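Student: Could you have a look at this structure, given as structure tokens, before my questions?
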Amino acid sequence: MIGLLQRVSEASVRVDGEVIGAIGAGLMVLVCAEKGDTEREAEALLNKLLGYRVFSDEAGKMNRSVTDTAGGLLLVPQFTLAADTKSGTRPSFSPAAAPEDGRRLFDHVVRQARERHGTVETGKFGADMKVGLVNDGPVTFWLRVDPVGVQR
Numbered sequence: 001m002i003g004l005l006q007r008v009s010e011a012s013v014r015v016d017g018e019v020i021g022a023i024g025a026g027l028m029v030l031v032c033a034e035k036g037d038t039e040r041e042a043e044a045l046l047n048k049l050l051g052y053r054v055f056s057d058e059a060g061k062m063n064r065s066v067t068d069t070a071g072g073l074l075l076v077p078q079f080t081l082a083a084d085t086k087s088g089t090r091p092s093f094s095p096a097a098a099p100e101d102g103r104r105l106f107d108h109v110v111r112q113a114r115e116r117h118g119t120v121e122t123g124k125f126g127a128d129m130k131v132g133l134v135n136d137g138p139v140t141f142w143l144r145v146d147p148v149g150v151q152r
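Residue numbers (UniProt numbering): 1 to 152.
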């Protein structure tokens, strides 16, 4: 599983001109399932996202998580994060999970996040989404959780 985490002042997702998810300060996370990922990797990624310390403490150091700050969490499905860009000028998406697996794992992350965190909004799997955000910092991290025994 891959998560591209961005600390934001605000973020939103539109589908067909309608806002379907929006948060104020918090994290906007593009989420991608890769071949071989299971609920185990999805939950491990969520644990990382909720605990990742990217918000400043009183001393100005990145020592607080989205959980610590009670910030918003906007989860957006994004299969292109799994692109293989090693050769040529056109990405290959063969490392991405099959659409039905990607949807199942994204939905699992969303369900688990809603059980564990206060404000959780989402994009829409398979939709043509327009994502807007104000990256705070900018602060962006690429997180990856590999299945046990798999080196990518």
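Glycine included, every Cβ here is placed at the ideal spot set by N, Cα and C. Given the structure is predicted, the values throughout are model-derived calculations rather than measurements.
1. Which residues bound the alpha helix (DSSP H) around residue 11?
2. Nearest CA to the CA of residue 27: which residue from 138, 108, 144?
3. Taking the Cβ atom as the reference point for each residue, do residue 86 and residue 14 lie within a distance shorter than 8 Å?
4. Could you please give the first and the last residue of the uninterrupted alpha helix (DSSP H) stretch that includes residue 107?
5. For residue 45, I'd like the list of residues in its chain whose CB is within less than 6 Å of its CB, leaving aside the five on either flank, ordered along the chain.
6. Can you name the start and end residues of the beta strand (DSSP E) that residue 29 belongs to?
7. For the alpha helix (DSSP H) containing residue 51, list its first residue and its last residue.
8. Looking at the unbroken alpha helix (DSSP H) that takes in residue 66, where does it start and where does it end?
9. Just to confirm, are residue 99 and residue 82 a CB contact at a threshold of 8 Å?
10. Cα separation between residue 92 and residue 32?
11. Nearest to residue 43 by CA position, among 107, 22, 134, is which residue?
12. CA-CA distance, residue 128 and residue 121?
13. Please work out which residues of its chain come closer than 7 Å, Cβ to Cβ, to residue 21, disregarding the five sequence neighbours upstream and downstream, and give them in chain order.
14. Among 60, 135, 114, 134, whose alpha-carbon lies nearest the alpha-carbon of residue 47?
15. Taking only the alpha-carbon atoms, compute the straight-line gap between residue 59 and residue 118 and give it to the nearest angstrom.
Tutor: Judging by the given coordinates:
1. Residue 11 -> not in any alpha helix (DSSP H); beta strand (DSSP E) instead, spanning 2–15.
2. Checked all of 138, 108, 144; the closest Cα to residue 27 is 138.
3. Contact flag unset, no.
4. It spans 99–116 - the alpha helix (DSSP H) in which residue 107 sits, taken as one unbroken run.
5. Short of 6 Å from the beta carbon of residue 45, and not among the five residues preceding or following it, lie these beta carbons of its own chain, in chain order: 1, 3, 145.
6. Counting along the chain, the beta strand (DSSP E) containing residue 29 begins and ends at 26–32.
7. In the DSSP assignment, residue 51 falls within the unbroken alpha helix (DSSP H) covering 39–51.
8. Run containing residue 66: 66–69, per the alpha helix (DSSP H) assignment.
9. Against a cut-off of 8 Å, the Cβ pair of residue 82 and residue 99 comes out as no contact.
10. Straight through space, the alpha carbons of residue 32 and residue 92 are spaced by roughly 15 Å.
11. Taking each of 107, 22, 134 in turn and checking the Cα distance to residue 43, the smallest one comes out for 107.
12. Looking at the backbone, the Cα of residue 128 and that of residue 121 are separated by about 17 Å.
13. Apart from the 5 residues on each side of it in sequence, residue 21 sits with its Cβ closer than 7 Å to the Cβ of 12, 13, 74, 121, 122, 123 in its chain, given in chain order.
14. The alpha carbon of residue 47 has as its nearest neighbour, out of 60, 135, 114, 134, the alpha carbon of 114.
15. Straight-line measurement puts the Cα of residue 118 at about 26 Å from the Cα of residue 59.
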